[in-house]
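Using the numbering used here, you'd call the opening residue of the sequence shown number 47 and step up by one each time.
Every residue gets a Cβ at the ideal spot worked out from N, C-alpha and C, and that includes glycine.
Since we're looking at a predicted model, the values are computed, not measured.
Below: the structure, in structure tokens.
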Amino acid sequence: MEENLTLPKVHLDNNTSSSLPVYYIILASLIGFVAVFGNGVVIYLISTRRRLHVETNYFVVSLAFADLLVGLFLPTFIIACDFWSDCDITTYFMFFNLFTLISIANLFAMTVDRYISILYPLRYQSYATSRRLFGTILVSWIIPAYLSFSPLFWTLASSETVKNTGKKVHALIVITAFEVIPTVVMPAMYIQIFVTARRHARQVATHQTQLDFNSQVNNRDNTQQATADAVAMNEK
């Protein structure tokens with residue numbers, strides 16, 4: 047990932063035809079359209095449906111917007127850079143890293159939010175204020191932006207040692223924070239969410255069965271009592 051950030055600029059002549067296969071251009075355009083349309087629909091529905099204006103959907107909108115940018119920017123840049131000149135491949139990979147890291151950060155934040163809400167519902171009610179959720183979303187955008195554009199700073203350094211050290215540290219942070227941790231933590235959280243939800247479902251089913259049984263017993267007792275009262279009245 048980091049080596050791509052130092053690739054030289056690719057200059058194409060304006061009269062040069064596309065070097066990409068036609069099927070690749072069609073596929074990239076189709077993927078971009080589906081990403082923009084699908085995520086745009088999600089954002090529109092949540093924005094216009096009042097019943098969807100709940101705090102938990104803040105993360106959904108943020109993630110959808112990040113994915114919309116991926117679908118809008120990346121295929122467009124690839125195709126445009128193939129047809130026109132003065133394409134900076136470094137810029138492409140920088141924005142590719144930006145949108146990818148933002149999507150991962152938002153997905154991770156949404157997973158943590160769901161984890162807390164299901165495993166610690168009482169604590170979640172007091173914690174999940176709109177201000178805190180907005181703050182979490184803001185952080186999930188700021189940190190990826192900083193990590194994506196930080197390579198610009200050490201590329202200006204004159205020392206090769208500083209450049210190489212910066213690349214290694216940056217790669218270590220990105221891989222650890224956005225690949226290793228989400229890959230390990232998110233599945234573990236979803237497993238706990240599934241186990242907890244299943245246990246709650248069983249408890250609800252057991253409770254409902256008990257309520258149905260109690261209702262049947264009460265109805266039977268009431269029927270027997272009514273029958274006994276009717277017999278007593280007839281005897282009188």
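So residue 67 is in the alpha helix (DSSP H); what residue range does that whole segment cover? Looking at the DSSP string, residue 67 is not in any alpha helix (DSSP H), and its letter there is neither H nor E.
Using only the alpha-carbon positions, how far apart do residue 111 and residue 85 sit? 7 Å
Residues near residue 199 in its chain [Cβ-Cβ closer than 8 Å; skip 5 each side]: 212
Using the rule of at least 16 other Cβ atoms within 10 Å of the residue's Cβ for burial, across every protein chain shown, is residue 188 buried or exposed? exposed
Entirely within the stretch 137-196 and at least 4 residues each: give me those alpha helix (DSSP H) ranges in chain order. 167-173 and 176-195
Can residue 227 and residue 161 be called in contact, C-beta distance under 8 Å? no
Are residue 120 and residue 194 touching if we call contact CB-CB under 8 Å? no
Sequence-distant residues of the same chain with beta carbon closer than 8 Å to residue 114, five excluded per side: 81, 82, 85, 86 and 89
From the beta carbon of residue 243, is the nearest beta carbon of chain B less than 8 Å away? No chain B is part of this structure, which consists of one protein chain only.
Shortest alpha-carbon distance to residue 123 belongs to which of 177, 96 and 75? 75
Could you check whether residue 164 and residue 104 sit closer than 8 Å to each other, using their CB atoms as the reference points? no
Write down the C-beta distance between residue 101 and residue 174 rounded to the nearest angstrom, noting that I regard them as a contact closer than 8 Å. 6 Å
CB contact flag (residue 116, residue 139, <8 Å): no
Compute the Euclidean distance between the alpha carbons of residue 52 and residue 136, then round it to the nearest angstrom. Because the pLDDT at residue 52 is just 40, under 50, the model does not fix this residue reliably, and the value given afterwards should be weighed accordingly. Cα to Cα, residue 52 sits roughly 6 Å from residue 136.
Looking at the structure shown, is residue 56 part of a helix, part of a strand, or coil, going by DSSP? Low confidence applies to residue 56: its pLDDT is 39, below 50, so where it sits in the model is not reliable enough to give any reading.
Given residue 242, which residues of its chain have a CB within under 7 Å of its CB, disregarding the five upstream and five downstream residues? 164 and 165
Between 154, 69, 172 and 186, which lies nearest to residue 125 when the distance is taken from Cα to Cα? 69
Given a threshold of 16 other Cβ atoms within 10 Å of its Cβ, counted over all protein chains shown, does residue 181 qualify as buried or as exposed? exposed
Assuming residue 108 contacts residue 152 (C-beta within less than 8 Å), just tell me the rounded distance between them. 5 Å
Neighbour-count burial assignment, residue 154, 16 or more Cβ in a 10 Å radius: buried
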